[in-house]
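Each remark here refers to the structure printed beneath this line.
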Amino acid sequence: MTRTAIVTGASSGIGGAVARKLVADGYNVMMAARRADRLEALAAELGDSAAYYAADVTNPDDLKALVAATDAAFGQTDVLINNAGIMPLSPMSGRRTEDWDHMIDVNVRGVLHGIDAVLPQMMERKDGHIINISSVAGLSATPISAVYSATKFGVRAISDGLRQEMTNHNVRVTVVSPGGVNTELADSITDQNLRAALESHLTFDFMEPENIADAVAYVLEQPASVCVGEIVIRPTGQA
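One rule links them: number in our numbering = place in the sequence shown (from 1) + 94.
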């Protein structure tokens, strides 16, 4: 039976690349994001193996409805890829508390809402795979990444705790932590001076979203007896 994956944050970047890769690998893919127009275009490109559902990961009801739509379209949900995320970096002394709250809502609560929506059926079937996209910022913090890093440390903690909890339920859990990738993630930085400074400072060659999609595919192609707990993937030139 063809397996089915949900990909959040699928309207661009890593999410879009993962959707393309999984369809090419024979999966059915339900793509989720807020920008329905982009999802519609990508679904048309990918054909009958792809569908889309406009959802906001900060809304738990949207995630439950997303899973219901996936099950209706393709039968069941075998894989969840929690990819949606934002990165409005700033020093804490900047007191951009709205950015802090938004990061917590998307990067942490969004992951939890996705897990909550798929876990009951995966546990009942004793089969499933949850892949959470974290970041190398979840490995160490910098003066401008304290809150963002906190959310990504949180994703790693959630992932490893859930992985251990699920060992007796045959549900695998993986966290993928990318370094610099050519995506729209930096567009969420609201401090324009900081954004300009970062662009001039980060002189190494960034990875492409397809590199992360290949890592996700590697995780999923392992036999059921193998759980890849964590992958860290960064540009060669990134310290």
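Every residue gets a Cβ at the ideal spot worked out from N, C-alpha and C, and that includes glycine.
Remember, it's a predicted structure, so these values are computed and weren't measured experimentally.
Worksheet entry | Rounded distance between the beta-carbons of glycine 107 and proline 303, thought under 8 angstroms | 5 angstroms
Worksheet item: Nearest to isoleucine 325 by CA position, among Tyr312, Gln215, Phe300 and Ala333, is which residue?
Response: Tyr312
Discussion item. Give me the DSSP bridge partner(s) of threonine 102.
Written reply: Ala126
Worksheet item: In chain order, what residues of the same chain have a beta carbon less than 8 angstroms from the beta carbon of serine 234, not counting five sequence neighbours either side?
Response: Ser243
Item to complete: Tell me whether aspartate 299 is buried or exposed, calling it buried when 16 or more other Cβ atoms sit within 10 Å of its Cβ.
Response: exposed
Practice prompt. Please determine, among Gly232, Ser271 and Pro185, the residue with the shortest C-alpha to C-alpha distance to glutamine 286.
Written response: Pro185
Worksheet item: Going by Cα to Cα distance, which pick from Asn153, Leu136, Ala118 and Ile306 is closest to alanine 104?
Response: Leu136
Fill in: asparagine 262, buried or exposed, once every other Cβ within 10 Å from all chains shown has been counted against 16
exposed
Worksheet item: Does the ligand FAD have a heavy atom nearer than 8 angstroms to the CB of aspartate 172?
Response: Because no ligand of any kind appears in the structure shown, any question about the ligand FAD cannot be addressed here.
Worksheet item: Sorted by chain position, which residues of the same chain lie with C-beta nearer than 6 angstroms to asparagine 226's C-beta, five sequence neighbours on each side aside?
Response: Asn176, Val205, Val249, Ser253 and Val269
Worksheet item: tyrosine 121 by DSSP, collapsed to three states: which one?
Response: coil
Worksheet item: In three-state DSSP terms, what is glycine 107?
Response: helix
Practice prompt. Indicate whether threonine 102 and leucine 174 have their beta-carbon atoms separated by less than 9 angstroms.
Written response: yes
Discussion item. What residue range does the beta strand (DSSP E) around proline 272 cover?
Written reply: 265 to 272
Worksheet item: So which of Asn122, Asp172, Leu140 and Arg114 has the shortest CA-CA distance to methionine 217?
Response: Asp172
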